[in-house]
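**Q** If you scroll down you'll find the structure; I have some questions about it.
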Amino acid sequence: GDSVTQMEGPVTLSEEAFLTINCTYTATGYPSLFWYVQYPGEGLQLLLKATKADDKGSNKGFEATYRKETTSFHLEKGSVQVSDSAVYFCALSAGSYIPTFGRGTSLIVHP
Amino acid sequence: EAQVTQNPRYLITVTGKKLTVTCSQNMNHEYMSWYRQDPGLGLRQIYYSMNVEVTDKGDVPEGYKVSRKEKRNFPLILESPSPNQTSLYFCASSSPGQGVNQPQHFGDGTRLSIL
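Sequence order for the protein chains is A and B. No gaps in the numbering here: position 49 of the first sequence is 374 in my numbering, and each next residue is one more. No gaps in the numbering here: position 41 of the second sequence is 1368 in my numbering, and each next residue is one more.
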């Protein structure tokens, strides 16, 4: 079946550091890929998405590129802020609208 | 405003006392689902519904019931709650009508504590 693997956290960074959260997937067909963010005390909200190979999703300074050859969708940000502290979920949806989520990666950014 | 609304946000109750967590969406979405979130386990799907009167088990359905009598509502029912159902619960919805593989819209969560 479909699966998503993302790096375990927590990831702890200082403000203005570069962020990478790795995400790899297995799926049949051609999935759409998503990153969701969950701020403390809130539900998940869509951060960015990509629907086909080589697409780059971007939002709020975050980027991720759909790499079919490596089945990856790594999340990056050039300069993190304290307000980026949250849990980040990688997810895919392939052929239906039932998504598969990774386990989430907690990001802690210190001033 | 487009939203998924869950109630209650917090509930502390006792073993065996039936409870219902309501979920309502105002986006006319066909697909709705329930997840529980536990430390170290990520999101696990409990039940989902593709449309009115159509429900299916997710990965962890034991001890839960759902119904989908109306498109906008998808309540989660715990007939006889037990302490291992203490968790953070999320309702989500989406619509394939806008194209395949649309993102999910999540509620703000319901934190249940079963004593």
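Each residue gets a CB set at the ideal place from its N, CA and C atoms; glycine is no exception. As the structure is a prediction and not an experimental result, all values here were calculated from the model.
1) Identify the contact partners of Lys-381 (chain A) in chain B, using a Cβ-Cβ distance below 8 Å as the criterion.
2) For Asn-1411 (chain B), which three-state DSSP category applies?
3) Rounded C-beta distance between Trp-360 (chain A) and Leu-369 (chain A)? I'm assuming under 8 Å.
4) His-435 (chain A) lies in the beta strand (DSSP E); which residues open and close that run?
5) Run through DSSP, which three-state label would Ser-408 (chain A) get?
6) Closer than 9 Å, CB to CB, is Phe-387 (chain A) near chain B or not?
7) Determine the contact status of Phe-1433 (chain B) and Val-1348 (chain B), defining contact as a CB-CB distance below 9 Å.
8) By DSSP's criteria, Ile-1404 (chain B) is part of a beta bridge. Which residues make up the other side?
9) Which same chain residues, not among the five before or five after Pro-335 (chain A), have their C-beta less than 6 Å away from its C-beta?
10) For the stretch 343-351 of chain A against the stretch 392-405 of chain A, are there 3 or more C-beta pairs whose distance is under 8 Å?
11) Report yes or no: do the stretch 1332-1345 of chain B and the stretch 1392-1401 of chain B share at least 3 C-beta pairs separated by less than 8 Å?
12) In the DSSP output, which residue or residues are listed as bridge partners for His-1446 (chain B)?
13) Judging by CA-CA distance, which residue of A:Arg-428, A:His-435 and A:Pro-436 is the nearest neighbour of Asp-1365 (chain B)?
14) Closer than 7 Å, Cβ to Cβ, to anything on chain A: give me those residues from the stretch 1429-1442 of chain B, in chain order.
15) Could you give the C-beta distance for Thr-1382 (chain B) and Tyr-1391 (chain B), rounded to a whole number, given that I count them as a contact under 8 Å?
16) Out of B:Ser-1420, B:Leu-1403 and B:Met-1377, which one is the CA nearest neighbour of Pro-1388 (chain B)?
17) Restricting to Cα atoms, I'd like to know which of A:Pro-436, A:Pro-424 and A:His-435 is closest to Tyr-1325 (chain B).
18) Could you confirm whether any beta carbon from chain B is found closer than 9 Å to the beta carbon of Arg-428 (chain A)?
19) Have a look at B:His-1356, B:Leu-1346, B:Asn-1355 and B:Trp-1361 and flag the residue whose alpha-carbon is nearest the alpha-carbon of Asp-1435 (chain B).
20) Could you tell me whether any non-hydrogen atom of the ligand NAP is closer than 8 Å to the CB of Ser-431 (chain A)?
21) So which residues on chain B does Lys-377 (chain A) lean against when the C-beta distance must stay under 9 Å?
22) Run through DSSP, which three-state label would Ala-389 (chain A) get?
23) Along chain B, in chain order, which residues have C-beta atoms closer than 7 Å to that of Pro-424 (chain A)?
**A** Considering the structure as presented:
1) As a working mapping, residue 381 (chain A) is identified with position 56 in the first sequence. Those within 8 Å of Lys-381 (chain A) in chain B number zero; the least Cβ separation is about 16 Å.
2) Here residue 1411 (chain B) refers to the residue found at position 84 of the second sequence. Annotated three-state conformation of Asn-1411 (chain B) is helix, per DSSP.
3) If you number the first sequence from 1, residue 360 (chain A) lands on position 35. If you number the first sequence from 1, residue 369 (chain A) lands on position 44. Between Leu-369 (chain A) and Trp-360 (chain A) the Cβ distance is about 10 Å, and since that is not below 8 Å, they are no contact.
4) By 1-based counting over the first sequence, the position of residue 435 (chain A) is 110. For His-435 (chain A), the enclosing beta strand (DSSP E) starts and ends at 430-435.
5) Against the first sequence, residue 408 (chain A) aligns to sequence position 83. Helix.
6) Taking the first residue of the first sequence as position 1, residue 387 (chain A) is located at position 62. No - not a single Cβ of chain B is within 9 Å of the one on Phe-387 (chain A).
7) Position 106 of the second sequence, counted from the start, is the residue given in the question as residue 1433 (chain B). Position 21 of the second sequence, counted from the start, is the residue given in the question as residue 1348 (chain B). Taking 9 Å as the Cβ cut-off, Phe-1433 (chain B) and Val-1348 (chain B) do not qualify as a contacting pair.
8) Position 77 of the second sequence, counted from the start, is the residue given in the question as residue 1404 (chain B). Note: Ile-1404 (chain B) is bridge-paired with B:Thr-1347 and B:Lys-1392 in the DSSP secondary-structure output.
9) The count along the first sequence starts at 1 and reaches residue 335 (chain A) at position 10. Ser-431 and Ile-433, listed in sequence order.
10) Contact between the stretch 343-351 of chain A and the stretch 392-405 of chain A is established, with three or more Cβ pairs separated by less than 8 Å.
11) Taking one beta carbon from each stretch, the stretch 1332-1345 of chain B and the stretch 1392-1401 of chain B have fewer than 3 pairs nearer than 8 Å; the two do not touch.
12) Residue 1446 (chain B) is absent from the structure shown; chain B starts at 1328 and stops at 1442.
13) Within the second sequence, numbered from 1, the residue matching residue 1365 (chain B) stands at position 38. Considering only alpha carbons, the answer is A:Arg-428.
14) From the stretch 1429-1442 of chain B, only Gln-1429, Pro-1430, Gln-1431, Phe-1433, Gly-1434, Asp-1435 and Gly-1436 have a Cβ closer than 7 Å to chain A.
15) Locating residue 1382 (chain B) in the second sequence gives position 55, counting from the first residue. Locating residue 1391 (chain B) in the second sequence gives position 64, counting from the first residue. Tyr-1391 (chain B) and Thr-1382 (chain B) do not touch by the CB rule: their CB atoms are close to 11 Å apart, not below 8 Å.
16) Translated into positions along the second sequence, residue 1388 (chain B) becomes position 61. Pro-1388 (chain B) has its Cα closest to that of B:Leu-1403, out of B:Ser-1420, B:Leu-1403 and B:Met-1377.
17) Outside the displayed span of chain B (1328 to 1442) sits residue 1325 (chain B), for which this structure offers no information.
18) Counting from 1 along the first sequence, the entry for residue 428 (chain A) is found at position 103. Contact of Arg-428 (chain A) with chain B is assigned, a C-beta pair being separated by under 9 Å.
19) For the purposes of this step, residue 1435 (chain B) is taken as residue 108 along the second sequence, with counting starting at 1. Looking at the Cα atoms, B:Trp-1361 is the closest of the given residues.
20) The model depicted lacks the ligand NAP and carries no ligand whatsoever.
21) To locate residue 377 (chain A), count along the first sequence from 1; it is residue 52. Residues of chain B with a Cβ closer than 9 Å to the Cβ of Lys-377 (chain A) do not exist; the shortest Cβ-Cβ separation is about 10 Å.
22) Here the question's residue 389 (chain A) lines up with position 64 in the first sequence. Ala-389 (chain A): strand per DSSP, three-state reduction.
23) The count along the first sequence starts at 1 and reaches residue 424 (chain A) at position 99. Result: Gln-1431.
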